[in-house]
Structures are given as C-alpha cells and as structure tokens.
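Asks:
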Amino acid sequence: VIDIVTDPALQFAQELALWRGPKAKETPQTQAAHRLAAAHAIAAQARLVPGAAAVPDWLHRLIDAARSEQMPPDLTAAFAGLDLTDSDVPAIWQSFLRLRPLAEPAASLMLRDSDSRLDLDPVSGLNRYGCGPLPQSELVSFSSSTATTISPDGLRAAELLRQRLISAACDASLAAAEIKRDILAAMGLNDLAGLVPVLASSGTTATLLATHIGLRGDGPVQVLLLGPEETGSGVPHVAAVRHPAPRSPTGAVVVEGQPIRGMPSDRLQVEGVPIRDADGLPLTSAVVAEGLAVRIETARAAGKRVVLHVLEGSKTGLVTPGLKAVLALRQRFPQGLDVIVDACQMRARPSDLRRYLDAGCLVVATGSKFMAGPAFCGLLLIPAALAEAVPPLPEGLADYSWRGDWPEDWERVCATLPRSANPGLLLRWRAALVEMTAFAQLAPEAIADALSRFAQALRDAIGEDGDLRLLPGNPAGGSIHTLAVAAPAGGWMDMAALRVVYTELARNRCLIGQPVACAPGHAGLRISASAPLIRAMVHGHGPEAELRMVIGKVRAIVRELVGV
Ligand SMILES: Cc1ncc(COP(=O)(O)O)c(C=O)c1O
Numbered sequence: 085v086i087d088i089v090t091d092p093a094l095q096f097a098q099e100l101a102l103w104r105g106p107k108a109k110e111t112p113q114t115q116a117a118h119r120l121a122a123a124h125a126i127a128a129q130a131r132l133v134p135g136a137a138a139v140p141d142w143l144h145r146l147i148d149a150a151r152s153e154q155m156p157p158d159l160t161a162a163f164a165g166l167d168l169t170d171s172d173v174p175a176i177w178q179s180f181l182r183l184r185p186l187a188e189p190a191a192s193l194m195l196r197d198s199d200s201r202l203d204l205d206p207v208s209g210l211n212r213y214g215c216g217p218l219p220q221s222e223l224v225s226f227s228s229s230t231a232t233t234i235s236p237d238g239l240r241a242a243e244l245l246r247q248r249l250i251s252a253a254c255d256a257s258l259a260a261a262e263i264k265r266d267i268l269a270a271m272g273l274n275d276l277a278g279l280v281p282v283l284a285s286s287g288t289t290a291t292l293l294a295t296h297i298g299l300r301g302d303g304p305v306q307v308l309l310l311g312p313e314e315t316g317s318g319v320p321h322v323a324a325v326r327h328p329a330p331r332s333p334t335g336a337v338v339v340e341g342q343p344i345r346g347m348p349s350d351r352l353q354v355e356g357v358p359i360r361d362a363d364g365l366p367l368t369s370a371v372v373a374e375g376l377a378v379r380i381e382t383a384r385a386a387g388k389r390v391v392l393h394v395l396e397g398s399k400t401g402l403v404t405p406g407l408k409a410v411l412a413l414r415q416r417f418p419q420g421l422d423v424i425v426d427a428c429q430m431r432a433r434p435s436d437l438r439r440y441l442d443a444g445c446l447v448v449a450t451g452s453k454f455m456a457g458p459a460f461c462g463l464l465l466i467p468a469a470l471a472e473a474v475p476p477l478p479e480g481l482a483d484y485s486w487r488g489d490w491p492e493d494w495e496r497v498c499a500t501l502p503r504s505a506n507p508g509l510l511l512r513w514r515a516a517l518v519e520m521t522a523f524a525q526l527a528p529e530a531i532a533d534a535l536s537r538f539a540q541a542l543r544d545a546i547g548e549d550g551d552l553r554l555l556p557g558n559p560a561g562g563s564i565h566t567l568a569v570a571a572p573a574g575g576w577m578d579m580a581a582l583r584v585v586y587t588e589l590a591r592n593r594c595l596i597g598q599p600v601a602c603a604p605g606h607a608g609l610r611i612s613a614s615a616p617l618i619r620a621m622v623h624g625h626g627p628e629a630e631l632r633m634v635i636g637k638v639r640a641i642v643r644e645l646v647g648v
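One rule links them: number in this note's numbering = place in the sequence shown (from 1) + 84.
1) Let me know the alpha helix (DSSP H) ranges lying completely inside the region 256-313, each 4 residues or longer, listed in chain order.
2) Return the first residue and the last residue of the alpha helix (DSSP H) that C498 is part of.
3) Whose CA, out of H393, L552, A270, lies closest to the CA of V322?
4) Strictly by DSSP, which residues pair up with D422?
5) Restricting to runs no shorter than 4 residues, where is the alpha helix (DSSP H) found entirely within the region 179-209?
6) Using a 10 Å radius around the Cβ and a threshold of 16 neighbouring Cβ atoms, would you call R593 buried or exposed?
7) What residues in its chain sit with their C-beta under 6 angstroms from that of E628, if we drop five residues either side in the sequence?
8) Using the Cβ count rule (16 or more neighbours within 10 Å means buried), how would you classify Q429?
9) I need the DSSP call for L464, collapsed to helix, strand or coil.
10) What would DSSP say about W103, mapped onto helix, strand or coil?
11) Any heavy atom of ligand 1 closer than 7 angstroms to the Cβ of G214?
12) Below 8 angstroms, can you find three or more Cβ-Cβ pairs linking the region 146-160 to the region 102-112?
13) Any heavy atom of ligand 1 inside 7 angstroms of the beta-carbon of V319?
14) Excluding the 5 residues flanking R212 on each side, which residues of the same chain have their C-beta closer than 8 angstroms to its C-beta?
15) Check this for me: beta carbons of L595 and S227, under 8 angstroms apart or not?
16) To which residues of the same chain is E313 closer than 7 angstroms at the C-beta, ignoring the five residues directly before and after it?
17) What is the rounded straight-line gap between the Cα of I267 and the Cα of L517?
18) Taking 7 angstroms as the cut-off, is the CB of G561 close to at least one heavy atom of ligand 1?
19) From T30 to L555, what distance separates their C-alpha atoms?
20) For A505 and chain D, any beta-carbon pair shorter than 8 angstroms?
21) Look at the Cβ atom of I618, then the Cβ atom of V634, and state whether they are nearer than 8 angstroms.
22) Compare the Cα-Cα distances from A149 to each of D489, V391, V173 and report the closest residue.
23) For A570, list the residues DSSP reports as bridge partners.
24) If you draw a straight line from the alpha carbon of T500 to that of W486, how long is it in whole angstroms?
25) Is L120 helix, strand or coil by DSSP?
26) Alpha carbon to alpha carbon, how far is A130 from K107? Give it in angstroms, no decimals.
27) Which value, in whole angstroms, describes the spacing of the CA atoms of T521 and S171?
28) From T169, P599, Q415, pick the residue whose C-alpha is nearest to that of A116; which is it?
29) Less than 7 angstroms separating the Cβ of C594 from some heavy atom of ligand 1?
30) Do the region 402-409 and the region 359-379 meet, that is, are 3 or more Cβ pairs less than 8 angstroms apart?
31) Should A121 and A187 be called a contact, given that it needs their Cβ atoms to be closer than 8 angstroms?
32) Determine the contact status of V448 and L470, defining contact as a CB-CB distance below 8 angstroms.
33) For A409, which residues in the same chain have their Cβ closer than 6 angstroms to its Cβ, ignoring the five residues on either side in sequence?
34) Should the region 176-186 be regarded as contacting the region 474-490, the criterion being three or more beta carbon pairs within less than 8 angstroms?
35) In chain order, what residues of the same chain have a beta carbon less than 6 angstroms from the beta carbon of G636, not counting five sequence neighbours either side?
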C-alpha cells in the first residue's frame with residue numbers, strides 16, 4: 085500500500101477505488117466528488133515527488149479543480165461522461181470539501197496540523213531538520229534527539245490508517261481511542277487507573293496544555309523552568325503561555341512570543357533554573373533540588389502557586405533533579421505545587437514515568453524523538469489526581485488543540501474547541517507506534533547492553549586525536565552523546581561554527597542532532613541512539629561502521645572549512 089505510484093493515471097485509479105469502496109452503487113454526484121478527491125491526492129503527491137509522469141488532459145482539469153480554494157465556475161466540464169447539470173455542482177463541491185481532509189497520501193497528510201517546523205524547503209524537499217516526508221534508505225541517521233525520517237513500516241501503518249478512515253471502517257474518534265490505548269500499552273501504563281492521555285501536535289503543544297492545567301485558579305503563579313536551553317526551543321514561550329512560533333498547529337497566524345488569547349500571562353512569572361555550572365558540568369541532583377526547594381518556599385510564602393518543569397531527559401540526555409528528588413519535593417510541598425515532567429525525548433524508563441504519575445505529576449512525551457516516529461507527535465498524560473481539576477480550555481487553545489485529542493466525555497473542558505479531529509496527528513502517532521510497540525518487547529538488560537556498546541563504539545570512532553571530545557557530564561548509560569569539536573584556530577567550536585558542520589553533514593546525507601549550547605563555551609553536536617537503532621543492535625546489526633563514517637565526515641568537513 086505504500087508503493088509510491090508515480091503514474092498519475094494509475095494513482096488516480098487507486099485513489100478512486102479507495103473512495104468508491106466495495107459499494108458498487110454510486111450516483112453521478114458522488115462519483116464526481118470521488119474524482120475530485122482522487123485528483124486532490126495526486127496534486128498532494130506531486131508536491132512531494134516531483135518529476136512524475138505526464139498528466140493526461142482530462143486529469144489536469146480535475147486536478148486544477150481539486151486544487152482550487154473556491155468552487156470553480158465551470159466544474160461540470162471536468163467530469164467527462166457523468167450525467168450532471170450545473171445545478172449539481174454546489175452539492176458536489178460540498179461533498180468534496182467533506183472528503184478533502186483525507187484526500188492526500190499519508191506522507192503529505194502527516195505534514196499537516198503541526199507547526200512551521202514541518203514545512204518543506206521548496207528546493208531540497210526537506211524540512212529544517214533535513215528529513216523528507218518519505219523513507220530515505222541511503223540516510224545515516226543518529227538524529228533522534230532532534231528528528232528522524234519516517235521508516236517504511238511507519239509510513240505503511242499511517243497509510244493503512246488513512247485507508248481505514250476513508251473506508252469508514254474506523255472513524256477519527258475510534259482511531260484516537262485506539263492510538264491512546266496502544267500508546268499506554270507500549271509505555272506499560274495501561275493499567276494505571278484514571279490516567280488520561282491527551283494527544284498533542286508536538287511536545288511543545290503538550291507542554292502548553294500541561295501548563296494550562298498548572299495555572300488553574302486565579303492567584304499568582306511562579307513557573308520554574310529547569311535548564312531552559314536544554315529543552316525544546318518553544319518551551320520557554322509556552323511555559324509563559326505565549327505563542328512559540330508565528331503559525332499555530334491549526335494554521336492560525338499569530339505573533340511569536342505574544343500571550344495566547346485567554347491565557348493568564350499577566351499573573352505568572354517564569355524563572356529559568358540552571359542545571360549546569362559555569363564549566364558546563366551538570367549540577368548534582370541534590371544541588372538542583374535544594375535550589376528548587378528554596379525557590380518554591382519563597383514563592384509559597386508570597387502566596388503563589390508553583391508550576392515546576394523538570395527534565396526526564398534534556399536535549400543532551402540529562403535527568404534532573406530526578407525521580408527521588410521530585411518525589412521528595414512533592415512530599416515537602418503537598419499544596420500549591422504542580423510538576424510537569426518533560427519526557428519529550430521519550431528516553432525515560434516507563435517504571436519511572438509511572439511513579440511520577442502516581443505522585444500526581446503531569447507528564448509530557450513524544451513519539452518523535454527516541455521512538456523515531458515522524459515529527460511531531462506529542463502526548464500529555466494527566467494523572468488521576470488532576471483529571472477532575474482540569475479547567476475549561478481558553479479560546480486561544482483552539483489554535484493548538486483538537487476536540488478528538490481529548491477524552492470523548494470531556495465536554496466541560498473542551499467546549500471551546502471547534503475542530504474535531506486532526507488526521508495528520510493520528511497518522512503520525514500510528515507511524516510512531518510501530519516502533520514504540522516493537523521496542524516495548526525488548527528486555528531492559530538487552531537495551532542497557534546495546535546502549536553501552538553504542539557508547540563504546542562512539543568512543544572508539546572518536547579515538548585519541550583530541551580534536552573531538554565528548555562533553556563532560558554525558559549521562560552514563562544514556563542514548564544521547566554530545567560532542568565538542570576543536571576549532572581550527574584553537575579552542576572549541578561555538579554554535580555558529582557547529583551549525584555549519586551540522587548543515588554540511590546533512591547535505592552529505594548524515595543526520596545528527598542539532599547543535600546545543602549547554603553553557604557558555606560548551607557547545608556540541610549530538611549523536612544519539614534511537615529505539616530502532618537499539619532494536620537493530622539487539623538483532624546483531626552494529627552501528628560501528630556508520631559511527632566511524634559520521635566521525636570521519638565531521639573531520640573532513642572541519643578540514644575543508646580551513647582549506648586543508
Ligand atoms: C527535552 C525536550 N523537551 C521538549 C521538546 C519539544 O518537543 P517538540 O519538538 O515535539 O515540540 C524537545 C524538542 O527537542 C526536547 O528536546
């Protein structure tokens with residue numbers, strides 16, 4: 085089902101068969117609407133796979149009509165052979181508009197309803213992370229800390245879901261319910277009573293929805309954001325209930341950094357809390373936790389509620405202050421403290437996430453980093469203890485969330501959400517779940533063993549030359565490794581220089597994580613193991629050769645930069 089058919093007439097026939105289904109009886113009006121839907125899919129695919137075979141004239145007319153935003157005045161001319169009159173046209177157009185949300189191949193549908201970070205460059209056909217919308221077999225990919233390209237199995241699962249939705253074998257709310265059930269099963273959380281999963285268009289959106297819950301009531305709120313430079317770049321904005329980008333997931337044009345409509349940006353204050361010292365070394369859990377306790381105490385004494393964002397896997401893989409410290413803080417401050425656990429990298433142990441949830445913490449996660457699903461699929465987990473306390477969503481969140489993301493019977497909370505389902509997100513999650521479900525079958529010891537072999541293979545590839553070094557504080561047993569690169573003129577490369585190396589690597593079909601700055605003077609490139617990579621290792625495919633190739637390319641790019 086995912087063969088990319090490049091003959092437009094053949095693709096048209098296949099799409100038409102999907103819409104027609106097994107029901108043989110069609111009126112000329114439904115046939116016409118189905119033709120428009122099929123033509124719309126061809127237009128969508130042509131944007132992703134340029135250079136398809138020539139389009140016959142009869143199909144051109146249909147494609148032009150399907151592409152137009154307004155009902156074309158001469159629509160009947162596009163439906164050769166159908167017994168139609170001009171008076172049929174408005175009804176046909178209305179039927180087509182109802183079909184249109186699913187009338188494109190999964191690969192293009194999955195680009196919808198996220199944010200501008202998924203936009204494809206018109207020349208390269210790749211998004212800003214160097215990922216295309218279709219599987220790319222020749223790619224070397226250690227980029228799961230940022231984004232990865234969809235796998236063939238992921239695309240197949242997404243396309244199958246689209247076909248089920250078209251055939252009405254399943255509607256969007258059933259698909260959302262199945263996806264939530266499968267996510268919880270893969271995370272080992274399906275038996276946690278009262279846990280409420282909410283789908284979100286990205287990890288950033290999930291954090292925004294969690295923040296909304298943390299801001300309940302009408303008093304002043306102190307938001308404590310651990311390591312703002314080591315979480316998603318939009319997270320500091322959404323922690324302050326401000327727009328993280330100039331376009332919202334529903335496509336609304338907004339002003340980045342401005343307050344989101346109806347959200348109480350004026351009664352909250354955000355403070356970033358450092359997680360590393362001046363030398364870039366991670367602060368210990370005890371030091372971070374004590375700093376947090378002092379801040380929470382001060383805020384509470386001033387009559388403020390506190391929303392605390394902790395990291396269960398930062399951009400560089402740091403976990404801080406960690407489960408034990410968070411549980412202790414919750415015991416020490418049983419009132420007026422909400423904790424949002426940033427597990428967006430999805431590198432946390434499921435048993436730890438369960439304990440956070442048991443303790444009443446909100447958890448945000450994604451299927452698109454470690455799990456290597458397509459960017460972006462986000463998730464908010466609301467613990468039973470908070471489910472009843474979720475306040476009605478303000479109007480501004482209608483630019484970020486869909487009714488179907490939330491539980492079906494949460495009308496009280498979701499009355500402001502006019503949009504029902506987000507098919508792009510459902511398909512992205514379906515694709516991510518292929519890997520998540522397979523990864524969940526691996527034994528923890530096998531995962532730990534693969535991770536330590538990965539780390540050793542990376543150290544071996546780097547060798548002893550001294551021009552590359554792993555930044556201190558790389559979490560032991562972690563899956564993200566941050567690599568400083570010596571600058572040819574002395575010292576270590578800064579973010580600007582690292583971006584050049586990162587971009588050159590991507591041009592050479594080697595994807596790694598975007599550069600990060602952990603502390604002033606401590607920037608690095610990230611090389612990460614993903615769930616599929618670990619699975620491949622468990623099945624005997626080592627990453628050694630590819631790691632040597634990436635490290636070799638980094639060195640070659642640096643040499644080229646100085647003209648050696
Ligand atoms: C630790 C962490 N939190 C949150 C996010 C935001 O997730 P998303 O990119 O899906 O919006 C990221 C993204 O890199 C991240 O690394």
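Backbone N, C-alpha and C fix where the C-beta goes; we use that ideal spot for every residue, glycine too. As the structure is a computational prediction, the values presented were derived from the model and not from experiment.
Replies: In brief:
1) The region 256-313 contains these whole alpha helix (DSSP H) runs: 256-270, 287-298.
2) Here residue 498 corresponds to residue number 414 of the sequence shown, with the count starting at 1. Counting along the chain, the alpha helix (DSSP H) containing C498 begins and ends at 495-498.
3) Reading the sequence shown from its first residue, position 238 is the one you call residue 322. Comparing Cα positions, the closest option is H393.
4) By one-based count along the sequence shown, residue 422 stands at place 338. According to DSSP, D422 bridges with V391.
5) Listed in chain order, the complete alpha helix (DSSP H) runs (minimum 4 residues) inside the region 179-209 are 190-193.
6) Residue mapping note: residue 593 aligns to position 509 of the sequence shown, counting from 1. Result: exposed.
7) Position 544 of the sequence shown, counted from the start, is the residue given in the question as residue 628. Apart from sequence neighbours up to five positions away, the residues of its chain that approach E628 with a beta-carbon distance below 6 angstroms are A541, ordered along the chain.
8) One-based indexing of the sequence shown puts residue 429 at position 345. Counting of Cβ neighbours within 10 angstroms places Q429 among the buried residues, the total reaching 16 or more.
9) Stepping through the sequence shown from its first residue, residue 464 is reached at position 380. Residue state for L464 is assigned as strand, using DSSP reduced to three classes.
10) Position 19 of the sequence shown, counted from the first residue, corresponds to residue 103. Three-state DSSP puts W103 in a helix.
11) On the sequence shown, position 130 is the one that residue 214 refers to. No; taking the cut-off as 7 angstroms, the Cβ of G214 has no heavy atom of ligand 1 nearer than that.
12) Three or more Cβ pairs closer than 8 angstroms define a contact, and the region 146-160 falls short of that threshold against the region 102-112.
13) On the sequence shown, residue 319 is found 235 positions in, with the first residue counted as 1. V319 Cβ: within cutoff of ligand 1.
14) The residue labelled residue 212 in the question sits at position 128 within the sequence shown. Counting only Cβ-Cβ distances below 8 angstroms, and skipping sequence neighbours, we find R201, D203, D205.
15) Here residue 595 is taken as the residue at index 511 of the sequence shown, counted from 1. Here residue 227 is taken as the residue at index 143 of the sequence shown, counted from 1. Their beta carbons are under 8 angstroms apart, which means L595 touches S227 by this criterion.
16) Stepping through the sequence shown from its first residue, residue 313 is reached at position 229. Around E313, the same chain offers A601 as residues with beta carbons nearer than 7 angstroms, after the five sequence neighbours per side are excluded.
17) For the purposes of this step, residue 267 is taken as the residue at position 183 of the sequence shown. For the purposes of this step, residue 517 is taken as the residue at position 433 of the sequence shown. I267 and L517 have their C-alpha atoms some 7 angstroms from each other.
18) Sequence index remark: in the sequence shown, residue 561 carries index 477 (1-based). For G561, the shortest C-beta to heavy atom distance toward ligand 1 is 7 angstroms or greater.
19) With the chain represented from 85 up to 648, any question about residue 30 goes unanswered, as that position is not in the structure.
20) The question asks about chain D, but that chain is absent: this structure has only one protein chain.
21) Here the question's residue 618 lines up with position 534 in the sequence shown. Here the question's residue 634 lines up with position 550 in the sequence shown. Pairing I618 with V634 gives a Cβ-Cβ distance that is not under 8 angstroms.
22) Taking the sequence shown and counting its residues from 1, the one referred to as residue 149 is at position 65. For the set D489, V391, V173, the Cα lying nearest the Cα of A149 is the one of V173.
23) For the purposes of this step, residue 570 is taken as the residue at position 486 of the sequence shown. Answer is W576.
24) Within the sequence shown, the letter at position 416 stands for residue 500. Within the sequence shown, the letter at position 402 stands for residue 486. As the crow flies, the alpha-carbon of T500 is around 10 angstroms from that of W486.
25) On the sequence shown, position 36 is the one that residue 120 refers to. L120 falls in the helix class under three-state DSSP.
26) Locating residue 107 in the sequence shown gives position 23, counting from the first residue. Locating residue 130 in the sequence shown gives position 46, counting from the first residue. Answer to the nearest angstrom: the Cα atoms are 29 angstroms apart.
27) Sequence index remark: in the sequence shown, residue 521 carries index 437 (1-based). Sequence index remark: in the sequence shown, residue 171 carries index 87 (1-based). When rounded, the distance between both Cα atoms is 51 angstroms.
28) Numbered from its first residue, the sequence shown carries residue 116 at position 32. With distances taken between Cα atoms, A116 lies closest to T169.
29) Here residue 594 corresponds to residue number 510 of the sequence shown, with the count starting at 1. For ligand 1, not one heavy atom lies less than 7 angstroms from the Cβ of C594.
30) Segments in contact, yes.
31) As a position in the sequence shown, residue 121 is number 37, starting the count at 1. As a position in the sequence shown, residue 187 is number 103, starting the count at 1. Against a cut-off of 8 angstroms, the Cβ pair of A187 and A121 comes out as a contact.
32) Position 364 of the sequence shown, counted from the first residue, corresponds to residue 448. Position 386 of the sequence shown, counted from the first residue, corresponds to residue 470. In this structure, V448 sits away from L470, with a CB-CB distance that is not shorter than 8 angstroms.
33) Working through the sequence shown from its first residue, we reach residue 409 at position 325. Excluding sequence neighbours, A409 sits near S369, A373.
34) No, the region 176-186 does not touch the region 474-490.
35) Walking along the sequence shown from the start, residue 636 turns up at place 552. Non-local C-beta neighbours of G636 in its own chain, meaning closer than 6 angstroms and more than five positions away in sequence, are absent.
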